[in-house]
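Numbering (UniProt numbering), first residue to last: 1 to 494. Have a look at the structure below before the remarks.
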């Protein structure tokens with residue numbers, strides 16, 4: 001598999017595209033006026049404690065107060081060296097009222113960006129990532145990324161990292177996936193860097209007033225280098241000289257093997273026109289996704305969950321109906337995994353595969369979905385295929401979906417996805433005329449409405465309108481309002 005990263009920089013926006021075998025897999029977006037907050041560290045003040053929810057709201061200087069659950073708070077019984085000073089019940093989360101109090105100051109890190117009407121999700125389990133390691137000032141021991149599957153390599157990395165960790169030193173480490181094959185010296189260099197950085201942050205936090213930022217995560221281009229770039233990335237293209245230079249400096253310090261692969265793109269065509277990235281972004285905002293076989297997927301994203309419907313469409317197959325359904329579902333499983341990454345869909349996801357009679361077919365479709373999601377950076381969990389062909393799954397959501405970042409609700413339907421028909425609006429107008437005529441005295445009536453509604457009143461509903469004039473004994477005038485939406489109208493007494 002060949003993989004590369006394309007980075008496009010414009011005056012107020014940075015975008016990064018992960019392309020595998022010439023196909024766009026993920027898109028990362030950051031705007032100057034709305035930078036992501038994940039991994040930022042703040043000095044906060046507890047504004048409200050909610051014992052019933054075992055949570056607290058914390059003011060960190062944002063528009064909405066952030067949310068901190070008791071399970072995300074370091075227990076005070078755990079000292080700086082990560083060992084408990086008194087017995088702690090590991091199976092039960094301590095009461096929120098014993099952990100924080102209103103008005104108290106607290107150092108927190110953002111786990112999730114504000115999503116919709118919800119504030120940011122916080123934790124006091126601070127983590128600071130570097131190229132190969134993640135440092136946990138309040139943690140203990142050494143953990144190895146689950147994505148490193150080779151047991152011998154896992155053991156080698158654990159032993160190498162343990163060489164430089166003294167039992168009396170505070171903090172713990174997680175060895176990242178990128179560390180696979182890394183030398184002990186490289187791990188040691190990362191440890192020294194992280195310890196120095198935490199020392200600086202601790203001093204800064206002590207002098208920072210509540211509601212202010214203590215430490216901001218790296219900008220998108222450099223963050224992609226740290227989190228996404230691995231030995232599998234063969235090329236990184238960036239279209240701005242200043243950003244290219246900053247990425248080179250980062251690579252020389254933390255990942256020298258990548259230095260020669262980072263290239264300043266000087267082509268006349270926009271960098272995102274390569275491999276049709278711009279076109280793929282536009283397609284990812286559409287509800288319908290065509291499949292090569294002729295079938296298609298329908299994505300419906302709501303606040304509570306995302307539903308995906310699989311349809312055979314024009315695909316009729318060549319053998320049996322069961323074989324046609326199986327082939328469509330297999331293709332759909334691969335396409336769904338890509339679309340989840342590309343659209344950055346998270347939370348609860350329900351996939352309605354076409355009903356399959358054979359149990360073996362259901363297993364193979366589920367395996368295809370799991371295999372296709374293996375490369376996903378976001379944590380996910382998939383349940384088995386139900387007899388109805390439904391698959392329930394969750395995908396960790398830390399930032400807004402691509403649709404929510406690039407789009408807003410339709411002003412006409414206000415996000416409902418539909419508007420009342422002109423026929424329905426006409427009948428509502430008739431009822432309003434009758435209501436007004438029974439309550440008030442007037443000389444004539446004026447109806448203000450959208451052009452399509454007025455045209456229907458003058459055409460299909462003209463007889464009903466004439467009956468109303470006879471019933472009320474008053475003339476009814478019609479007037480088009482250009483600024484009205486289709487389901488807006490006014491009945492004015494003259």
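In this text, a Cβ means the ideal position worked out from N, Cα and C, and glycines have one as well.
Rank 35, 99, 26 by C-alpha distance to the C-alpha of residue 49 and give the top, closest one.
99
Would a C-beta distance cut-off of 8 Å place residue 285 and residue 336 closer than the cut-off?
no
Kindly indicate which three-state DSSP category residue 126 falls into: helix, strand or coil?
If DSSP states are grouped into helix, strand and coil, residue 126 belongs with coil.
With H, G and I counted as helix, E and B as strand and the rest as coil, what does DSSP make of residue 344?
coil
So, with DSSP's three-state summary, where would you put residue 119?
coil
Identify which residue in 7, 71, 74, 116 has its Cα closest to the Cα of residue 409.
116
How about residue 474 and residue 443: are their beta carbons less than 8 Å apart?
yes
In three-state terms, what does DSSP make of residue 382?
strand
Are there 16 or more other CB atoms within 10 angstroms of the CB of residue 489, so buried, or fewer, so exposed?
buried
Consult DSSP for residue 156 and reduce its assignment to one of helix, strand or coil.
helix
Classify residue 339 as helix, strand or coil using the three-state DSSP reduction.
helix
Quick one: give me the first and last residue of the beta strand (DSSP E) that residue 476 is part of.
476-480
For residue 193, collect the residues of the same chain with a Cβ closer than 7 Å to its Cβ; drop the 5 residues on either side in sequence, then sort them by chain order.
130
Using the C-alpha atoms, what's the distance from residue 270 back to residue 385?
One C-alpha to the other measures close to 43 Å.
For the segment 343-352 against the segment 392-399, are there 3 or more C-beta pairs whose distance is under 8 Å?
yes
Give me the DSSP bridge partner(s) of residue 257.
Answer is none; residue 257 lacks a bridge partner.
With DSSP run on the structure shown, which of helix, strand or coil describes residue 212?
strand
Just verifying my parser: in three-state terms, what is the DSSP assignment at residue 418?
coil
Here's a check: name, in chain order, each residue in its chain whose Cβ is nearer than 7 Å to the Cβ of residue 373, leaving out the five neighbours to either side.
337, 380
State the Cα-Cα distance for the pair residue 53 and residue 114, rounded to the nearest angstrom.
Between residue 53 and residue 114, the C-alpha separation is close to 19 Å.
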